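First up is the structure itself, then whatever we jot down about it.
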Amino acid sequence: MKLLLVEDEPHKRDELVECINEVLQVTPEIVDGVSQAVLNVLGDPYDLIVLDMALSTFGENADDRQKGHDQAQGGIEVLRALKMKGHVTKIIIVTQYPDFYIGGQKVKLKESPKIIKQKYSQNVIGAVLYHYKSKATLQKIKSILRTV
Numbered sequence: 566m567k568l569l570l571v572e573d574e575p576h577k578r579d580e581l582v583e584c585i586n587e588v589l590q591v592t593p594e595i596v597d598g599v600s601q602a603v604l605n606v607l608g609d610p611y612d613l614i615v616l617d618m619a620l621s622t623f624g625e626n627a628d629d630r631q632k633g634h635d636q637a638q639g640g641i642e643v644l645r646a647l648k649m650k651g652h653v654t655k656i657i658i659v660t661q662y663p664d665f666y667i668g669g670q671k672v673k674l675k676e677s678p679k680i681i682k683q684k685y686s687q688n689v690i691g692a693v694l695y696h697y698k699s700k701a702t703l704q705k706i707k708s709i710l711r712t713v
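Quick note: the sequence shown uses my numbering, first residue 566, plus one each step.
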């Protein structure tokens, strides 16, 4: 299984990697910024993408070590790139925000799978409101991963 994890916060990334390893026994490719995520999805298709919606422009591994500015809608850029490339991918959204903007419209997290499918032709199989070190959050993520 080819899996991409797009997350810029180390503590959250570590928890997600543990969930993925436990449920799928897969080590994901990890990127921590919008620019690298877009480059990755423009390549070969992924079977699953675990996607944060708020990301830095560049990750910690950027050549100049500057993360750029935070993009509240950084995940949308990844969705746009997938649509442009014509890839339809299973996606799990894991974000700390109960709502975000899609095409200038404020969308509740629980409504986002339907809207993302309509606007970006992607298959969002779960949308999780992330809470740090929350057993309930981790159980929900694992439950969604089991459906893959």
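By construction, the Cβ of each residue, glycine as well, lies at the ideal position given by its N, Cα and C atoms. Keep in mind that this is a model prediction, so the values were computed, not measured.
Cutoff 7 Å; reference Leu647; Cβ partners in own chain excluding five residues on either side
Within the sequence shown, residue 647 is the residue found at index 82, counting from 1. Cβ neighbours of Leu647 beyond the five flanking positions: Val606, Thr654, Tyr685 and Gln687.
My assumption, with CB atoms under 8 Å, is that Asp617 sits in contact with Gly640. Please give the rounded CB distance.
Numbered from its first residue, the sequence shown carries residue 617 at position 52. Numbered from its first residue, the sequence shown carries residue 640 at position 75. At roughly 6 Å, the Cβ-Cβ gap stays under 8 Å, so Asp617 and Gly640 are in contact.
CA-to-CA distance, Gln638 to Ile681, given in whole angstroms:
Counting from one through the sequence shown, the residue named residue 681 turns up at place 116. Counting from one through the sequence shown, the residue named residue 638 turns up at place 73. In a straight line, the C-alpha of Ile681 is about 13 Å away from that of Gln638.
Candidates Asp609, His576, Ser600 and Gly651: closest to Leu568 by CA position
Taking the first residue of the sequence shown as position 1, residue 568 is located at position 3. Of the candidates Asp609, His576, Ser600 and Gly651, the one whose C-alpha sits nearest the C-alpha of Leu568 is Asp609.
DSSP state of Tyr685, grouped into three classes?
As a first step, residue 685 is located in the sequence shown; it is residue number 120 there, counting from the start. Here DSSP, grouped into helix, strand and coil, assigns Tyr685 to helix.
List, from N- to C-terminal side, the beta strand (DSSP E) runs of 3 residues or more that fit wholly inside the segment 636-671.
Within the segment 636-671, the complete beta strand (DSSP E) runs of at least 3 residues fall at 655-660 and 664-667.
Can you give me the C-alpha to C-alpha distance between Ser600 and Val571, rounded to a whole angstrom?
In the sequence shown, the residue the question calls residue 600 occupies position 35. In the sequence shown, the residue the question calls residue 571 occupies position 6. Distance between the alpha carbons of Ser600 and Val571 is about 11 Å.
What do you reckon, are the CB atoms on Ile690 and Ile667 nearer than 8 Å?
Residue 690 sits at position 125 when you count from the first residue of the sequence shown. Residue 667 sits at position 102 when you count from the first residue of the sequence shown. The answer is no: Cβ separation not under 8 Å.
Which same chain residues end up closer than 7 Å to Asp573 when comparing Cβ atoms and leaving out the 5 residues on each side of it in sequence?
Counted from its first residue, the sequence shown places residue 573 at position 8. Excluding positions up to five away in sequence, the list reads Asp597, Gly598, Asp617, Leu620, Ser621 and Gly624.
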